[in-house]
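To start, the structure itself, in structure tokens.
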Amino acid sequence: MDFTCGAVILAGGRSRRMGTCKALLRLEGGTMLERAAGLLTALFDEVLLSANDPALGLGLNLRVVPDIWRECGPLGGLHAALAATGKDALFCVPCDLPRFTAELPLLLLERMNPEADAIVCRDGGGRLHPLCGIYRRRVLPALEARLQGGERRVTALIEGLSCQILETEGLLSDGVFENMNTPESYFRYAAASRP
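One point on numbering: in the numbering used here, the residue at position 136 of the sequence shown is 148, and numbering is uninterrupted.
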């Protein structure tokens, strides 16, 4: 690996469909955020938490980074984290992936092209997951330009970058990318994870 890399957990959303903070939902004896933090702090020496509520980081070995550009969704969170890091790049992951494992960042780190600005995943069904990827700090000017122009879609950012797409079919289960957005999805995962 020719670059230094940290990680950021995106937990700044309003969880409108869930009706409660997704980062604090409990699965398998801990919160979603505790689980992600545990996995990532074992891999990276810098793990940031993109959140506008500093209380989310209490008791965790994470540096909480609030949005600079407010009300801009995940793009705003990624921007703030890249602006705050001292690393060359950040692995980015949302807080609401119950089947997320260390395999994902390790695979991206192993496969990232040295020339690429970013690497993101495309699952076996052809769906792009731009919030599961690695972004180099050098994309900050392009990211700021998108935010200044009123853009909020992460896919619009990667269209303007030298972005590598990692086809994960045969490498990772598509279930790794499934997120929980509704109470129904949470109860389904909670029931499935009980012994």
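Quick reminder that beta carbons are idealized off the backbone N, C-alpha and C, glycines included.
query, result
"Hey, out of Gly18, Glu58 and Leu74, whose CA is closest to Asp65's CA?", "Leu74"
"Looking at the structure shown, is Thr113 part of a helix, part of a strand, or coil, going by DSSP?", "coil"
"Three-state secondary structure (DSSP) at Arg200?", "helix"
"If the criterion is Cβ atoms closer than 8 Å, does the pair Phe56 and Ala114 meet it?", "no"
"In the DSSP output, which residue or residues are listed as bridge partners for Gln176?", "Ile131"
"Output the boundary residues of the beta strand (DSSP E) element that contains Ile146.", "Leu140 to Arg148"
"So, helix, strand or coil for Arg38, using DSSP?", "strand"
"Using alpha carbons as the reference points, say which of Ile177, Glu46, Met44 and Arg47 lies closest to Met124.", "Ile177"
"Over the uninterrupted beta strand (DSSP E) stretch that includes Gly98, give me the two end residues.", "Run containing Gly98: none; DSSP gives neither H nor E here."
"Count the other CB atoms, across all protein chains shown, that sit within 10 Å of the CB of Asp14; report buried if there are 16 or more and exposed otherwise.", "exposed"
"When the Cα of Thr16 is compared with those of Leu39, Lys34 and Glu58, which residue comes out closest?", "Glu58"
"Rounding to the nearest angstrom, what Cα-Cα distance links Pro142 and Leu155 in this structure?", "14 Å"
"Would Cys175 count as contacting chain D if we go by Cβ distances under 8 Å?", "No chain D appears in this structure, which consists of one protein chain only."
"What first and last residue would you give for the alpha helix (DSSP H) that runs through Arg47?", "Met44 to Thr53"
"Touching or not, the segment 101 to 114 and the segment 41 to 55, by the rule of three or more beta carbon pairs under 8 Å?", "yes"
"Classify Leu145: buried if its beta carbon has 16 or more other beta carbons within 10 angstroms, exposed otherwise.", "The sequence given here places Gly at residue 145; Leu does not occur at that position. The residue in question, Gly145, is buried, as its Cβ has 16 or more Cβ neighbours within 10 Å."
"What is the rounded straight-line gap between the Cα of Gly41 and the Cα of Val132?", "30 Å"
"Can you give the beta carbon distance from Arg149 to Asp100, rounded, assuming they're within the 8 Å contact cut?", "6 Å"
"Closer than 7 Å by C-beta to Val166: which residues in its own chain qualify, once you throw out the five before and the five after it? Chain order, please.", "Pro86, Leu87, Pro142 and Leu143"
"Give me the residue from Arg111, Gly136, Phe103 and Ala92 with the minimum Cα distance to Ala130.", "Phe103"
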